[in-house]
Structure formats: structure tokens, C-alpha cells
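As they're listed, the protein sequences go chains D, G, S and E.
Reading the first sequence from the start, the letters are residues 1 to 157 in the working numbering.
Reading the second sequence from the start, the letters are residues 1001 to 1506 in the working numbering.
Reading the third sequence from the start, the letters are residues 2001 to 2452 in the working numbering.
Reading the fourth sequence from the start, the letters are residues 3001 to 3377 in the working numbering.
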Amino acid sequence: MKRIFIDEQYCIGCRLCEIYCQVKHSKSKKILKAFREGQPDVMSRVLVEEIGSNSFAIQCRHCKDAPCVGACISGAMTKNENTGVVICDEEKCVGCWSCIMVCPYGVIKRDLKASKVASKCDLCSDEEEPVCVKNCPNEALKIIDTDKNIGGEYGEK
Amino acid sequence: MPLKLNQSEFVVERDLNKCISCEVCVRQCSNDVHEFDADDKTVLSECSKCIGCHRCESLCPTEAITIRKKEAEFKENSNWQPAHIKNIYRQADSGGVLLTGMGSDKPHTVYWDHILFNAAQVTNPSIDPLREPMEIKTFIGAKPESLEIEKIGDEFKLKTKLGPHLELSTPILISAMSYGSISLNACKSLASAAEAFGTFYNTGEGGMHKELARYAKNTIVQVASGRFGVDRQYLRSAAAVEIKIGQGAKPGIGGHLPGEKVTADISGTRMIPQGSDAISPAPHHDIYSIEDLAQLIFAIKEATDYLKPVGVKVSAVHNIAPIASGIVRAGADFVSIDGFRGGTGAAPQAIRDNVGIPIELALAAVDTRLREEGIRHKAAIIVAGSMRSSSDIIKAIALGADAVYIATAALIALGCHLCQKCYTGKCNWGIATQDPYLTKRLNPSIGTRKLSGLLRAWSLEIKEMLGGAGINAIESLRGNKEHLRGINLSETELSILGIKHAGQAW
Amino acid sequence: MGKNKNIFKTDYLIIGNSAAGLSAAENIRKNDKNRAISVLTREKYSNYSKPLIPYYLAGSLDPGSLYFKKRNFYTENSIDLKTSENVVFVSSSDNIVLTESGSQYLYNKLLIASGGRPIMPQIKVIEKTGKSYSLGEAMNSVNGIFTLTTLDDAIRIRKHINEYSVKTASILGGGLIGLKAAEALLELHLSINVIELSDKLLSASFDKTASDIFSEVIKASGSSIYCGQTIDEIYVENNSITAYKLSSGKKITSNLLIVAVGVLPDVEYLKNSEIKTDGGIITDCSMKTSAGNIYAAGDVVKSQDVLSASERNMAIWPIAVKQGAVAGANMSGASAAYSGGFLMNSVEILGMPVISLGLSSIDNEDSTQDLKVYKAYDMGRKIYRKIVIRQNRIIGAILIGAIERAGIYCGLINNNVDVAEIGQNIVKEDFGLIQLPADYRKHLVVGEGIEV
Amino acid sequence: MSMALIKNRKSDIPDFRVSSGCAVFGILNESGTCFDGRMILEGIKMMHDRSNGLGGGFAAYGIYPQYKNDWAFHILYDDDAARSRMEDILKKSFAILYFEEIPTKRSAAIDNPPIIFRYFLKLKDIYSLYERNVPVDSFSEEDFIVDFVLKMNARVQGAYIISSGKNMGIFKGVGFPEDIGNYFRIDEYKGYLWTSHGRFPTNSVGWWGGAHPFGLLNWSVVHNGEISSYGRNQRYVASLGYECSLSTDTEAITYLFDLLARKKNIDLEIMNMILAAPLWERIERMPEDDRELAMTLRIMYGGALINGPFSIIVGHNDFMYALNDRIKLRPMVAARKNEYLYVSSEESAIIKVCPKPDIVWRPEGGIPVIGRIRKKD
């Protein structure tokens, strides 16, 4: 299963991940258009936390036993058994925020800009590589196929 | 506003049609050039603070920023160049020595650019490195006078053992840069690239950080005038030891790392109290003559059981040939010569730009002198001082070097933009800084990959050029000046370099 | 009982077709691909999500969108769903379940996940004719009095609103269901009266401040809230509700009353069985009941509240799912344990979200219990945040307005993390993982065990 | 080819390096039986196309049995004045046992040849003769000859020593090898080892002294190739006392042999591990002891690695040694028939003189062909 791994040591707090996430999930998918007048039309699904020189970007961990899936009252939040990706079906989501309530990483957001639904990382499943990973200038984010890294640094534990 | 004679060196141009106010530039500039104005929701830039490192430009996702040089349009004067005028303004303000970083940027002759390399045609086939082996493995160490080989029946048995040698997969080593002058992440990148590529890096005079101990077998440790971090363990763990007498950028000058930069980590590595100034005296206070050097060389050999090559690094100065000869005769296994274009973290500008001689001339002079004296085999020659490309390296080897040291090129591979502000400790690329906010910008795994990439690329180019000249082993190029021709050089220069002018056949 | 109309044999029998029941079915299927699973529901619908009922009521969802498991869930998992089967008796000794329709189900393993039933308060309903009867009786006969726990309830309420052009609705109960109902009715632009017996809304979770913020918002929409009151009498005319009288004596005209004073575990039909109940089915940590091969999960269960260290009925969705999963695993040969939970709720009324976690109503610091309460207000933005800490561990939280990273607190409660070092910062809006103790953060963010 | 480029006099020695394409051929009778020069002449003639008339020559071993213990010098003179200058110097160090002009057969093919004499010499006391302050025990008669020949060739105007061994001689000049052979009447000499060279210089002129074989002491070297390591080899031998005055690859190779085989005492069997050192990847696969030997030789004698294309035949009183460059960029064929060992640029030359060899093989790059004299007659 492909997972984004975070190397806190090398997050430089530039927040390009957030910017590119917004671009990717915007309607136009064009950076200048998406940020026209400084107002991106969607929220970033990756969040950079920063205090002093410490920072890291965090997005949905696509947990094995995802609490958000268990808490979802509408069946919008599902985990794909094959890819392991946890997706929020925005058509089904009613915006009850139960997922926000239980996500221990705090990476699900209320997307009030688009429609009132929970917004979370979809691992850019239609891209070769999630845009936050691709655009991280310092490789603090890495996408790793845990199945291919069994026993390795990033293997499933 | 106080009278400010000094002027901005750079202009920050921001294309407002492209700026999305994402504040990446604001977050990335350690010089506080950019600032987000919450009222206007725009980013403003203060050009006078810009030092031209191009970090913001590189990371701007919309290419909205361009950093341009700002030419101070003084009245034309061929004698009083703007640089002179600006330096005087700066010094009149500060009353101090003008500091600078990296190698000299003055337009002195770069001899590499006046030397052309050869290729084989018809009479001698060129060799295709893609299809034929192309050997650039290089050894650094002393060679004995002769070999005793015993023949027992049909078997030959070596009776003379070769002294300690460094084995390099490519004739390129990474030159001395201390932890302190550069970040630990930069050190890790250099060390791990050296390991990955089968060559060596040099600790510089800063001692060996415990996290770098795992690269010991690819490490040359330095013993400099401050003796920072030097103990038996340090000497014995490394692959080789280098006594540093001088550095190309600042011959005759010591170093000074201010106490505030001596963090806990650096204090541990340098073995000095935290917060105390780390002063490298100009001379080694136990080396006032060549015989003192000989004693130190043998003291180190004793301490390392004669298992490690011990070398000496000197700046290329006017008298370099006899100096090198003395060093070889003092027992050094290799001599590192640093030309005056070599880099530094901090040096007085006056010295950096005016003291020493170019490495090309120093190398040719030293190689010739050692050959004349019949002692060339006693020590390897490593040259440093601005190896900018594989072609500089191949020319250095043809001029007689065994290998070269690269440092500035290695840092550029890690992202250095040569802004020459290393001495401020605010390197935006995370290289010449200890600020944890900045050092994390250099991810050693990227650094390792980039530097390994450079080493690989240059090695491939060296192989291509070797093959083109019909040579398939680097030792056949070493000192092979027949493959070099000078262009636009005087008779004296050609004669010092020992090469013919372009157009002259064999 | 004597009809013996149908006899079914199944391996796994599940009473209840909601969160706990289907979570169990799904988990049984993970372990056991072959044996038969049957699910009984007293409703006539295939799965629908009960918490979505208010959304249907509000008109934001059509009935067809209320399912929470995919349409092909039953076929895909080979689950035999029996609708309109209301269980009336469980015989643990015979492994038989009897339903109202007279069917008998023979099982190997049984899961009881029958959920809860609404509580009926003792209120006198008085007809204009003078005839009076109890609210419970009125539920079935009087127009305009409803509970809101099933889809049918919601369908009836909507029909009633349309038929009677209801402009003002009343809700008895300012608890979770009451507020959810309020949320829905406000969406429909009705004005509402909320009658709550205690002195604050959502009294189980809210403190006074939270309640006040909410009350203000609701009142601002032209609605009324009557705390510390209940309904004494309900007046009926022509078989329809016309008005009611509060305990304060105030009489309010209304042609719609939703009774939402709470739910209780639906254990009535187990009265004569061997299954031990105490205001809810008692189970062990494998969700097994006192009776052999019978398990229970969800709202019908009384289980461990890790924060108050007591057994209580915690009728919330995530707990039902978790318990169902544990029961399902244990029923099908795997091993899992339910280690307790705590109450949590997420409600949004008139665009103001609120999340409460654990023992959130605690409002006063108490050094003898090492109890700390951190609060942060931004009344301009209608933001209120409160974190309750006992012995350096979070035991409760209320977040109003700024709920973004509420789950972090949930994780901290679950993992019993010492938050002493964070101090006051824990309640701040920008609180994040980065403020957590390095080890815990590393565990969360950097690598090892990155999958919780 | 412009005649202006053909130089016959020492005064015409070019001051730049001479490189060339060529034909090489060598025949050794391992039992030491002498045979006349017709066979080598026939063979090298077969490879006419590999020469261009700018140089040809022969080295013959065993041709002066009556003076076999004395130094036999072939000296080339521009004029009689040069000869008397040279003879005066010779007399200081040597007793001249016999000398004569080498008999030749004039033909139209040979244009304006220089004067060529041969001398049979006995060295006077080298210690009193030798002018340099060199420790006596580290100095030999051979060292003196090397020093003498190199100095004379560098300093004496109009005279050039082309051959300086014992019981051997080198005959060479500007022309096709068969014409040179006829000119020197080599069919009248009998030797047990003959090597020959036909030259195709490309980027240089030819002159008589610069033709091949190149000789020093008993060494004679014929070489086909243009070595790309020349500058390196030349500086290497120079720093050890061999000044390359001719700027030819062959000269540098000859000095390498004298330096390594004679002075450094490197066994012939392992000379190839220096001159055409095995590739590192091969060294790494060797057994421990061999690996250390090969590695040490490569590190120690990197300056003696001959790089670029070459096939060489080295003649010596005791052996014939042939070697190809390590990746075999030039042709070399070897064959045996009874006690004869043949090495040639092309198989055609061998077949011409030995139609049915016992065995023919193409030596691997870097692997030498060594034929030794088992006994002398």
C-alpha cells in the first residue's frame, strides 16, 4: 500500500505542499487561477505545523483501522481494501464532523468553501505521486509502497 | 534615516500578476527581505537586505520573483571600480577587515581555460567508454623505491609491501570543510556521497562529529593549528590524516569561530568548552620549520601504527615547489596543494583576492620539481582550488596531479548559489549555517544523491575524454602533458606548465 | 408463539441492522467466508443510518440516500437480511430466536444489537373532551406528537409539517436527539421551542457557557428555549395536538411536538431470557453476554466508560461500530477485545459546529482531584474551547466554533497521554501535534507505528 | 609523399614525436639454430601494404659469433667529419677491436643513404672512465653503455648509434623493409632471432636513425601502434635517467624494458602486468596473493603502463617477447613450427615463410608470447 511518510527532520516549513494541494484540488488546477486574488477556492488537505525550527507537514495517514471510517454515519468515509486509501465520498458526506471528532491526527477539515463536507487527503489517487510529495523541495514527504518495503525502514510493522 | 552610503546589491523584482501571496519567500529568507503585509494582502520586499542567494526565486511556485544585480551607476572610472568604492563605504562604516566567503571572484587568469585537451584520430583509435573498460581508479599514498619480487617455481611472490594507500574509484576527493563552518547535514551529505561513490571526504579542522563516525573509512581527518577534536581515536578511526598548514583562500591566516557559534554539538566535536572562541592560530605553534613538520608527520604515523597515509596541505604560494619538495622529504605520503582560487567560509577579502598563486602553475611546478629530484613517487599530489568541471580535473591530472579535491563544486551540488555570505551564518541553503531552522533545509539524502550525481557525471566525462584520447587507464594520463596544449599563453606560462602551444604537434 | 410459521437455520444470527449489527456482520465475513449470516430488523427498510434521520427531516437528503453501507453490501457479503422481523423472545438454551411474525431462527452464534428505544416521559395528555391518557398511548393515536428515532418517524413528521403547514415546532428535550431535531427543523425555517428539564442544553456534555452560546444562536433565529422546565400537560383536539403547558404554567400553542428526552437500551424482550441486563445488556470485553454463545453490541449494551470508570449505556455510533467489530471477530473465531470508550458528540446548529468529548460538562477546577480546566473564548467569532484535565490527562473537551483538530484530543484521551508540559496551550486554536510530547508525536508522525 | 619530408641525416632529426602505423614480424629459432635473413625478408615483404616506404629495418641476433662477447655498435654518420668526431670519443672509452663500413647493395629504391659503420668494442675500465660521481657498486657496464649511447646520440653532431648490443645488430633506413633488407644484404647474415619492421608514419617525417627496430644494449624493439600514454611514459623514464631524444614510442618502450627488465629486475613473465596491466576488474577476481602482486605492480609502475594500441616484438639475445595492448587494439598473430616461433602483424607473413605451422594463435591483449633460447650453438 502506498503511504506518505513524513520526515519531520527535513520539513523546512515552506508550505509548498499546502499550496500545491490546493491547486490540485481546485477546479482549474492552475496555480495562478486557483489563487486568484489570494483566495484559493479549496482548502489544503495537508497541514504544516510549525513551532520555531520544528515543522512537519501532515495529511491523512490512511490508518489501517481508520477511526474516521468507523465514526462516519453516512458511509461516505470508506477505506479501499486494495489500495488502503481512505476516501471521503463528498456526494455522501453530510458534514456531521464525526470524522473530525475522532481523527487523532486532526487532518480532516471542514471544507466550507466548496460544499459543507469533510475534506481530506485522497493520496492524489489519479496522480503518479501525491502533489505534496512531488512538490516538497526537501523530500520531507515521501511516498512509499509499504508492500515493497517489507522489513525495510518503511515496511509495514 | 542615517546617512547610508552603501547601496543595495540586488533588486527583488516581484511580478504582482504572478504573486499569489503564498509567503513561501517570506518563510525562506533568513535575511528578512520579504514581509507579508496583512492589510494589503501583498508581499513586500526590502531590496537592501537581499544578498543574492536566490533561495526565494528558486522556491517561488509561480516564478513571480526575479533577483537581479543592481549595478551602482557611479561615474565611469576605470581605476576606481564600483567594488572599490563600495568596499570603502563599508569599511568606513565598520572600521574593520572586509570579510568574504567562497573563492576569489576576481578576473585572474584561469589557466584551465587556456589549456586544451587532445583526442585520438585515425592513427590511434579512440576508445568507447560505453563498450570498453575505462579505468579511473586512483591510489593515494607513497610508493617504495623498488619492489622485491621472489620467484618460487612458477609463482611470483611479492616481498615488498606497499605502504598505506587510499583507493579511490575516481580521482576526485571532497576537500576539507569543517563541521562548524558548514552544517552537520552538509557534512553528512559529503561523507555519505564519498562513501557511496568510493572516495573520501575531509573533516576539515573541526573534528569528527559522532554522527559522522560511521563514515570513518571514507574520511580523511585533518590536524590543523587549532588541533580541534584531535585525539588518538580521531586519528586512528580515519582512512588518512592530513596536516593542514594553509588554505588557498587565506594563506598565512588562521581562523576564528566566534564563541556564540560553538554550540553544544560543536563543542563536543571540537573538544573545546561550549561558548568559547575556536581560534585556529595562523601557524601551528609546534611547527616553526620543516623539521618540526617532519616530527609531527612521524608522530602521527606512530599514533596510527603506520597504517594510514599522512599528508600535508599547503596553499599554493610563490615558493610552492621547494616547499612541496620539503614536505615530501619530511615524510608526507601525499601533498595537498590548494590554489589561490580555493574557497573558504570566511576570509579577509584582501587576502583571498591577492595572496597565493593559481593551482595550475603550482601543480606543474611541483610535479616538475619532484620529478627532477627523483622523489615524485614518494608522495601523491592532490590539488585543490576551484575545480569547476571534469575538464579542469582531467587537465589537472595531465599536468601531474594524482587526484583533485573539490569543495566549492560539492557545495554547489548541494545547492550553494555562491552568494559569498558564508561568514554570516545565515546561509539560506542550509549549508554554511548552524541555525536549526536553516540547517534542516539540506536533507542529506538529497545532498548525497546530488553530490553522487555530480561525481558520477564528472567521472563519466573523465572517462569520455580519456577514451577520446585513446587512453583507458587514468594512470596513463597522469603527467602526460603531451595531451595538453596551451592557448593564448606566453612562452613563460607554457614553459612553467610544461606544455606545447596549440598547433604544435607531438 | 404457536404459529410455527417459518423455521430458519443460520450460523450467525444478528438482531439489529444498524451500526453495531452490520459492523459485526462485516467482521464475521472477514474471518468466515462460508457460513451463513442472517440479520433481523424490525424495520421494513434495508440499512439506513439513524443519525442521518435529522438530515432527511431537514430535507437535505432523500430517503434513498440514507444507506450507510453500499447497496450491494448484503449480497456482496452473503448476508441474509430479514426485514420487519421484530424479535420477541430469545431462548439461549435452545439457540432459538422468536419473532412477532412467528418465525423461529435457529442459530449457532447470536448477536444482539437491537439498539435503543425512545424514553416516554409521564405526561398527561388531555383531550378537549376531558378524556386524558398517557403520552405513551398518545404516541400511537394523536396527530402531531412524535419521537425521532426511526426513518418512519421522520417521514411522518415531514408529512405532518406539510399537511398542517407547521410554522412552529416544539421539541421536548434539549439533549442530543433534541438538538439534532432542532438542527433539522431550523433548516426547514421553522421556529422552534425547546423544552429542557435541566438548566442547560445538552446537559450531559455541555457546561453553562456552551449551553448559553448555543441558546443564543437558536434564539437569534426567532426560536425559544425553556430550560429547567418540562411539559405538564398536552392538549388535544380532534385527535391533534393543539397546545401544551410548561411546568412554569406557560401555555404554548403548537401543532407539532417531538419527544426527545432520550433512549434506553431495547432489552424489553430479553426479560425472560437468561441474558443478564441492568439497564442495558451486560457483556465482557469480548462483547459476550452472560449467556453462552450470545454476544451484544451497540446502543443496547451497557459498557465501560473509561473516563468515569463506570458502566453506562453509551449510545453513540463509533462505539457501536467498534463493539460490533469486536463481537463479530470473537464470534467468528478471531480474538478481539473492547477496552471501553467514552462519550463524544458532534452537532452543528445554524452553522455553528460543536464537538464534545468525554466528561466535558465538568466546569470547575478541583485540586483535590487534580482537576484542571482550560478555557479559551473568542465570543466575537463565537468560539469557545474548553479542555478538562485530570491528573495531567485530558478527560473532557468542548469545542465550539473551532473544532478543526478535535480528533487530536480524542487520540490523547484514547492513548492516555500526559499533557502536563503543554499547559495552557492545549486549549488554543492553533494547538497541534507539534506541541505534543516528542515521543508521542514521533510515534504519530515520523514513522514507526505510523498506522494507528 | 613529398621528398622534402624524407630525411636521411641525423641533422634532420625532427624535434617532435614520431608515431606511426606499421608491420612487425619476428622469427625465433628456440634451439638457437641460425638461419639467414631471407625468411624474415620474405615475411615482411608480404605486409608491404602496412608500410609506406618511409622506414624499414631488421634486428638480427647471433650474427657476430666471432665477437659475441664484445659490444657491437652500428653507427650512422652524416659525413666523415662526424665519423672522426665519434671515433675519437669511442677510443676514449673503448678498445676498438675491429670496424668497417657495413656492406650494402646500392639500388634505385634507396635514395641518398647515410654512411653506416660497425664497430666491435671492448670497454676500458668503466670506473675510471665514468665521469659521474656514482657509487661504484650500483653501477654496471650496461649502465655505462646506456649512458654513453644516450649521451652520444644526444650530443655528437652527425653521428647516431643505432645498435649497441652484443652479437646482434640492427639494420634500418628509409625505404620499404624489403628494399632496406636488400640494401643491407641481410640474406648474407645468419641469426637465430630476427625481427623486422615496416613503417607507415602518418603525422611525421621519417629518417634513417628513426626507422625501427630501435635498439639499446641487447634490446631491440619493433612496434606497431601509437601509444596514448607516451607523455606519461616518457616523463616516467626521463625521471629515471632515460632522456627520449627521438620522441618515438618505440624508443620509450625500449627504455621501459631496459629499466624494468634489466635495472628493476622484473621477471619477463610478469612484465605484462606492468606494461599492459590487467584491468582492475580482473585484478579484483584474482586469488589473494596474485591480486596483491598485480595491484602493487599497477600502483607502483603506473608510469610504465603502455596505453593505446600497440603490438610490440622485443628482441634480446636470450628471448623474443611479443605483447599486445590490453584490449588488443592492434593485430598480432603467433605461430609455432618445430623449434620456430613466429610473431607477426598478419598471419599472411607467417604462412608465406611457414605454410603449415603446427599451431597458429592470436594472443590475447596483455598476454605475452615469450620464446626463449634453449641452447646456443
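Note that beta-carbon positions come from the ideal geometry of N, C-alpha and C, so glycine has one too.
| Item | Value |
| --- | --- |
| Among the candidates E/W3071, E/A3322, E/T3254 and E/S3344, whose CA atom is the shortest distance from the CA of E/K3122? | E/W3071 |
| At a Cβ threshold of 8 Å, is D/C121 touching chain S? | no |
| With a threshold of 6 Å on Cβ separation, who are the neighbours of E/G3215 within its own chain once the five nearest residues in sequence on each side are excluded? | S3163 and I3170 |
| Looking at the unbroken alpha helix (DSSP H) that takes in G/L1494, where does it start and where does it end? | E1491 to L1497 |
| Where does E/I3359 land, buried or exposed, given buried means 16+ other C-beta within 10 angstroms? | exposed |
| So what's G/H1165 in DSSP terms, helix, strand or just coil? | coil |
| Is the distance from the Cβ of S/H2245 to the Cβ of S/E2233 below 8 Å? | His is not the amino acid found at residue 2245 of chain S; the sequence shown has Lys there. Going by C-beta atoms, S/K2245 is nearer than 8 Å to S/E2233. |
| Does E/P3363 get closer than 8 Å to chain G when you measure Cβ to Cβ? | no |
| Within the 8 Å Cβ cut-off, does E/M3300 reach chain G? | yes |
| Using a beta-carbon distance below 8 Å, is S/A2327 in contact with chain D? | no |
| Would the beta-carbon of E/V3343 fall within 8 Å of that of E/R3362? | no |
| Put S/Q2304 into one of helix, strand or coil per three-state DSSP. | strand |
| Could you list which residues in chain D have their beta carbon closer than 9 Å to that of S/S2303, in chain order? | Ordered by position in chain D, no residue passes the 9 Å Cβ test against S/S2303, which lies about 16 Å from the chain. |
| Among G/P1258, G/G1180 and G/G1356, which has the Cα closest to the Cα of G/G1246? | G/G1356 |
| Using C-beta distances below 7 Å, list every residue in its chain close to G/T1066, excluding the 5 sequence neighbours before and after it, in chain order. | E1013 and E1057 |
| What separation, rounded to the nearest whole angstrom, lies between the Cα atoms of G/W1506 and G/T1123? | 13 Å |
| To which residues does DSSP link S/N2143 through a beta bridge? | S/S2240 |
| Can the beta-carbon of D/E49 be found closer than 8 Å to that of S/L2433? | yes |
| Round the Cβ separation of E/G3308 and E/I3367 to the nearest angstrom and send it over; I've been treating them as touching at under 8 Å. | So it is not a contact: roughly 18 Å between Cβ atoms. |
| Ordered along the chain, which non-local residues of its own chain (more than five positions away) have a Cβ less than 6 Å from that of E/F3176? | S3051, G3053 and G3056 |
| When you compare only the Cα positions, how much space is there between G/N1488 and G/C1019? | 48 Å |
| Assuming G/V1024 and D/L16 make a contact with CB atoms under 8 Å, what is their CB distance in whole Å? | 6 Å |
| Since E/K3310 and E/N3224 should fall inside the 8 Å C-beta cutoff, what is the C-beta to C-beta distance between them, to a whole number of angstroms? | Residue identity differs from the one stated: residue 3310 of chain E is Phe in this sequence, not Lys. 7 Å between Cβ atoms; contact. |
| Could you give the distance in angstroms between the alpha-carbon of S/S2310 and the alpha-carbon of S/D2299? | 16 Å |
| With a CB to CB cut of under 8 Å and the five nearest residues on each side skipped, what residues in its chain are close to G/G1275? | G1259, E1260, V1262 and S1267 |
| Looking only at its own chain, which residues have a Cβ that is under 8 Å from the Cβ of G/K1143, when we skip the five neighbours before and after it? | L1162, G1163, H1377 and K1378 |
| What's the C-alpha gap between E/D3080 and E/P3331? | 42 Å |
| Can you tell me whether DSSP reads S/Q2104 as helix, strand or coil? | strand |
| Among residues of its own chain, excluding the 5 on either side of S/R2381, which ones have a beta-carbon nearer than 7 Å to its beta-carbon? | G2401 |
| Report yes or no: is there a C-beta of chain G within less than 8 Å of the C-beta of D/Q59? | no |
| With 16 as the cutoff for other CB atoms within 10 Å, does E/G3371 come out buried or exposed? | buried |
| Taking 8 Å as the CB-CB cut-off, is D/N138 touching chain G? | yes |
| D/R15 touches chain G at which residues, Cβ-Cβ below 8 Å? | C1022, E1023, V1024 and R1027 |
| Mind pulling the beta strand (DSSP E) runs of 3 or more residues that sit fully within the stretch 3045-3119 of chain E? | 3056-3061, 3071-3077 and 3094-3101 |
| Run down chain D in chain order and give the residues with a C-beta less than 7 Å from the C-beta of G/S1445. | E139 |
| With DSSP collapsed to three states, give me the class of G/F1117. | strand |
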